[in-house]
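Residue numbers (this note's numbering): 2 to 348. Below is one structure, written out as structure tokens, with a few remarks after it.
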Amino acid sequence: MGESPQTDLHHLADIQAQLLGLVTASWMTQALYVATHLGIPDLLAGGAKSSEELAAATDTHAPSLHRLLRALVTVSVCTESDDGRFELSPLGSLLLADAPGSLRSWTLYWGSHLWSTWSHLLHSVKTGESARKLVTGAEGFDGLKADPQGAALFNQAMREGTRLVAGEVAAAYDFAAMKRVVDVGGGYGELLATILNANPSLTGVLFDLPHAVDGARHHLDACNLVSRCEVVAGDFFEAVPGNADAWILKSVLHDWSDERGGVILRTCARAMNGHGKLLIVERVMPQKLEVSAAHQLIARVDLTMLVALASRERTEDEFRTLLSAAGFHVIRIFTMATGFSVIEASP
Numbered sequence: 002m003g004e005s006p007q008t009d010l011h012h013l014a015d016i017q018a019q020l021l022g023l024v025t026a027s028w029m030t031q032a033l034y035v036a037t038h039l040g041i042p043d044l045l046a047g048g049a050k051s052s053e054e055l056a057a058a059t060d061t062h063a064p065s066l067h068r069l070l071r072a073l074v075t076v077s078v079c080t081e082s083d084d085g086r087f088e089l090s091p092l093g094s095l096l097l098a099d100a101p102g103s104l105r106s107w108t109l110y111w112g113s114h115l116w117s118t119w120s121h122l123l124h125s126v127k128t129g130e131s132a133r134k135l136v137t138g139a140e141g142f143d144g145l146k147a148d149p150q151g152a153a154l155f156n157q158a159m160r161e162g163t164r165l166v167a168g169e170v171a172a173a174y175d176f177a178a179m180k181r182v183v184d185v186g187g188g189y190g191e192l193l194a195t196i197l198n199a200n201p202s203l204t205g206v207l208f209d210l211p212h213a214v215d216g217a218r219h220h221l222d223a224c225n226l227v228s229r230c231e232v233v234a235g236d237f238f239e240a241v242p243g244n245a246d247a248w249i250l251k252s253v254l255h256d257w258s259d260e261r262g263g264v265i266l267r268t269c270a271r272a273m274n275g276h277g278k279l280l281i282v283e284r285v286m287p288q289k290l291e292v293s294a295a296h297q298l299i300a301r302v303d304l305t306m307l308v309a310l311a312s313r314e315r316t317e318d319e320f321r322t323l324l325s326a327a328g329f330h331v332i333r334i335f336t337m338a339t340g341f342s343v344i345e346a347s348p
């Protein structure tokens, strides 16, 4: 016997609710961004406060801020007590700049810079071009050159993202026999610092564009690693530092087309001069995506690469083809619990 009309209606209501949740999910992005931009988590870090107190401290409209705070309660960012005061939750504490595992800069970056780019996904899907270029007129990371504040936010957001995987890379790959590693496009040096801390006899080179190196020096100094790490500014399309045992490319190739990615790899090959290891730390796109949180994550990242940079995540076969064309042989690939993989290759 078939399902009753009542059952059919219940099923329709369920999938309608599911679809509406997907379509309107962007409200959470902006609620989190606005709260973080206003400094609400910082104000609540010292204890519970009323919406009136928070409105006075942030120069906002108290009734409207109260509505925002109630919305944040529904996504576990804060809680509301019986007396109407709000407190920061453990999840909300990750929006504090100095919190272990903070995602504050990532929230600000996604809610502002990436928000405007994502609104032009249709343009990228129709043309294959970067929506960032459409919005800002700048391709790739060129816009950061003239925007110190934007560059600092971007680099700090990337540092927060790298922190999620850095410890696993340091534990999963054996650096013990190496003396010197080069982190190519390493941003503020989160991954390199983690690797150096795990391997006391190792030295390193942090290599990135000028907009990143001052922040890298500051971070490495805070980690007491300045004596073991050289910071070099440059362009990996032209040259990268040599004289090392390994060159690391973490979340670099997915920013670029095959053509530009090939240039980066050949630049690394010249610096390697026939010896050493190339370690690519990236997500590897499955051949077929399914309904799962892990696959939704990589699909989100892949579309972000499309709208922001006209680039993409790659499958294992695509990585092998790209590396082979640049003169590299893949030694092994191993996937970590975070969903990132380490692709070990040699010239």
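All C-beta atoms, glycine included, are put in the ideal place defined by N, C-alpha and C.
Bridge partners - residue i, DSSP secondary structure assignment
i: Lys278; result: Ala247
i: Arg333; result: Glu345
i: Cys79; result: Leu89
i: Thr204; result: Arg181
Beta-carbon spacing of residue i, residue j below 8 Å
i: Cys269; j: Leu279; result: yes
i: Leu226; j: Leu203; result: no
i: Ala234; j: Val214; result: yes
i: Thr37; j: Thr137; result: no
i: Leu122; j: Leu304; result: yes
i: Met179; j: Asp246; result: yes
Euclidean distance between Cα positions of residue i and residue j
i: Ala311; j: Leu33; result: 27 Å
i: Val170; j: Ala272; result: 23 Å
i: Gln157; j: Glu191; result: 10 Å
i: Ala58; j: Asp148; result: 28 Å
i: Gln7; j: Ala18; result: 17 Å
i: Val183; j: Glu314; result: 23 Å
i: Glu319; j: His62; result: 52 Å
i: Glu239; j: Leu44; result: 46 Å
i: Ala14; j: Val292; result: 20 Å
i: Leu73; j: Leu290; result: 31 Å
i: Ser131; j: Glu140; result: 7 Å
i: Asp222; j: Trp248; result: 22 Å
i: Phe155; j: Leu193; result: 18 Å
Where residue i falls: helix, strand or coil (DSSP)
i: Asp209; result: strand
i: Leu89; result: strand
i: Glu283; result: strand
i: Met2; result: A caution first: Met2 carries a pLDDT of 49, below 50, which makes its placement in the model too unreliable to give a value.
i: Arg313; result: coil
i: Lys146; result: helix
i: Phe320; result: helix
i: Glu54; result: helix
i: Glu161; result: helix
i: Glu291; result: coil
Runs of 4 residues minimum, wholly inside the stretch 213-264: which ones carry the alpha helix (DSSP H) assignment? none
Within the stretch 5-50, ranges of the alpha helix (DSSP H) (whole runs, at least 4 residues): 6-24, 27-39, 41-45
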